[in-house]
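Each residue of the sequence shown is one higher than the one before, starting from 30 at the first, in my numbering.
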Amino acid sequence: MSARPDTAVTQIAFADLQALLHRIFVRHGCSETVAASLAFNCASAQRDGAHSHGVFRIPGYVSTLASGWVDGRAVPVVSDVASGYVSVDAQGGFAQPALAAARALLVEKARSAGIAVLAIHNSHHFAALWPDVEPFADEGLVALSVVNSMTCVVPHGARKPLFGTNPIAFAAPCAGSDPIVFDMATSAIAHGDVQIAARKGELLPEGMGVDSEGQPTREPGKILDGGALLPFGGHKGSALSMMVELLAAALTGGHFSWEFDWAQHPGAKTPWTGQLIIVIDPSKAQGNRFAERSRQLVEQMQAVGLTRMPGERRYREREASARDGVSLTPQELAQLQAMAQD
Ligand code: NDP
Ligand code: PYC
Numbered sequence: 030m031s032a033r034p035d036t037a038v039t040q041i042a043f044a045d046l047q048a049l050l051h052r053i054f055v056r057h058g059c060s061e062t063v064a065a066s067l068a069f070n071c072a073s074a075q076r077d078g079a080h081s082h083g084v085f086r087i088p089g090y091v092s093t094l095a096s097g098w099v100d101g102r103a104v105p106v107v108s109d110v111a112s113g114y115v116s117v118d119a120q121g122g123f124a125q126p127a128l129a130a131a132r133a134l135l136v137e138k139a140r141s142a143g144i145a146v147l148a149i150h151n152s153h154h155f156a157a158l159w160p161d162v163e164p165f166a167d168e169g170l171v172a173l174s175v176v177n178s179m180t181c182v183v184p185h186g187a188r189k190p191l192f193g194t195n196p197i198a199f200a201a202p203c204a205g206s207d208p209i210v211f212d213m214a215t216s217a218i219a220h221g222d223v224q225i226a227a228r229k230g231e232l233l234p235e236g237m238g239v240d241s242e243g244q245p246t247r248e249p250g251k252i253l254d255g256g257a258l259l260p261f262g263g264h265k266g267s268a269l270s271m272m273v274e275l276l277a278a279a280l281t282g283g284h285f286s287w288e289f290d291w292a293q294h295p296g297a298k299t300p301w302t303g304q305l306i307i308v309i310d311p312s313k314a315q316g317n318r319f320a321e322r323s324r325q326l327v328e329q330m331q332a333v334g335l336t337r338m339p340g341e342r343r344y345r346e347r348e349a350s351a352r353d354g355v356s357l358t359p360q361e362l363a364q365l366q367a368m369a370q371d
């Protein structure tokens, strides 16, 4: 559900988009450091055609900052907990600057112990997860991350929503190519894609969600208006979503997806939860041949007919954006320019 928009597009250089988003974040209450982190993240998602978490999210960031729900100037506090464990209190700010603050220590620990964990709590994550893991694989490391969001998914076999859309992202180096990366919500569809479908007046495929009566519906408006999403793959996706709640919230000290109440902050959109990142140094693996073994796996998958790896569409979009500029609709560009000034 992340293809290029089929409406008219205008192209903007990545650096110009990043600078525009940076101005918006600063204008709406973020420190320079936080603005830089979020602008790079969001511009990268737009560049890669990850539209559910590209510039589509900017009005949500702005309304959240205006509501006082998130601290755009928070300075994360990093704790060196153990030889393979780093904890960060994001101080009610965004998760990406918390990761940035702890990253060097995390990598140092992973390279020394072979594996290290970064547990972020008191944090808001409103973005795609792959930007958090892909850079580790660029450095030859394997990374896995989970983040929980806000109650909108009915556990398999239950009657009411409890879990968040709870994505899992994974990145691994692969000899001779870009890293292998996947990043997927554990809900049948990301909440962002439901909002996009509602805006476009499109029906969803079967099996994505239920209305406020718990009845299956394909209408995004009914899901957003008191309805809920389903996990992907029935009990299997539900188990993964449960795991994400445990790792991202219980293990980090963050909130479960149902544990925060933003009712007093009209306009708040960013889930106040937690995030876990596990980084492994594959040079410690038997024979130190991980990247070559990744390549062998990819080649075998292709030999049995696979034509599209996860992450491949994004890499293609990235190439097209580098060549032609990052695509936005003229309306999106005008809205961003207005938000940078208002
Ligand atoms: P998709 O279902 O679009 O894609 C999931 C993964 O599968 C991607 O790695 C994608 O690669 C790959 N993929 C898709 N189609 C195919 C195919 N036909 N063959 C092989 N691989 C394929 O993602 P979701 O809608 O589940 O999630 C979208 C985004 O929403 C994610 O970035 C996620 O992190 C984010 N999200 C964030 C939340 C938060 O709380 N911050 C909550 C929930 C979601 P490719 O990228 O190349 O298309
Ligand atoms: O798309 O499900 C989603 C989502 C939740 C929080 C940020 N994105």
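C-beta: ideal position from N, C-alpha, C; glycine also.
query, result
"In the DSSP output, which residue or residues are listed as bridge partners for S270?", "None; S270 has no bridge partner."
"Between D45 and the rest of its own chain, which residues show a CB-CB distance below 7 Å, the 5 nearest in sequence each way excluded?", "none"
"In whole angstroms, give me the CA-to-CA distance for A389 and A257.", "Since the displayed the chain opens at 30 and closes at 371, residue 389 lies outside it and no answer follows."
"Measuring only from the beta carbon, is W301 closer than 7 Å to any heavy atom that is part of the ligand NDP?", "no"
"For my contact list, P260 and H185 are in at a C-beta cut-off of 8 Å; report their separation, rounded to the angstrom.", "6 Å"
"Return the first residue and the last residue of the beta strand (DSSP E) that M213 is part of.", "S206 to M213"
"What separation, rounded to the nearest whole angstrom, lies between the Cα atoms of L128 and P359?", "33 Å"
"Taking Q226 as part of the alpha helix (DSSP H), name the residues at either end of that continuous run.", "In the sequence on display, residue 226 carries Ala and not Gln. Unbroken alpha helix (DSSP H) run through A226: H220 to K229."
"Can you tell me whether F155 sits near the ligand PYC, meaning its C-beta is under 7 Å from at least one heavy atom of the ligand?", "yes"
"How would you label A32, buried or exposed, when you count the other beta carbons within 10 angstroms and need 16 or more for buried?", "Low per-residue confidence applies at A32: pLDDT is 45, beneath 50, and the placement is therefore not dependable enough to give any value."
"Are D353 and Q40 touching if we call contact CB-CB under 8 Å?", "yes"
"Can you name the start and end residues of the beta strand (DSSP E) that F199 belongs to?", "I197 to C203"
"Assess contact between the region 144-163 and the region 292-307, defined as three or more Cβ pairs (one per stretch) separated by less than 8 Å. Is contact present?", "yes"
"Taking the alpha carbon of G250 as the reference point, which residue from H80, G262, E231 and H284 has its own alpha carbon closest?", "E231"
"Going straight from the alpha carbon of R52 to that of N70, what length do you get?", "14 Å"
"Nearest-angstrom Cα distance between G263 and F289?", "26 Å"
"State the Cα-Cα distance for the pair F54 and P234, rounded to the nearest angstrom.", "35 Å"
"For the candidate residues Q331, G101 and G296, whose alpha-carbon lies nearest to that of A65?", "G101"
"Report whether the distance from the Cβ of T194 to the nearest heavy atom of the ligand PYC is below 7 Å.", "yes"
"Note down, in chain order, each residue of its chain lying with its Cβ closer than 6 Å to the Cβ of E361, except the 5 sequence neighbours on either side.", "V84"
"At a cut-off of 7 Å, is G113 close to the ligand PYC when judged by its beta-carbon and the heavy atoms of the ligand?", "no"
"Between the C-alpha atoms of H80 and Q47, what's the straight-line distance to the nearest angstrom?", "15 Å"
"Is there contact here, the region 175-191 with the region 275-288, by at least three beta-carbon pairs under 8 Å?", "yes"
"Sorted by chain position, which residues of the same chain lie with C-beta nearer than 6 Å to S267's C-beta, five sequence neighbours on each side aside?", "P184, H185 and P260"
"Q379 by DSSP, collapsed to three states: which one?", "Nothing can be reported for residue 379, as the shown portion of the chain is limited to 30 through 371."
"For A367 and A95, I'd like the C-alpha separation in whole angstroms.", "16 Å"
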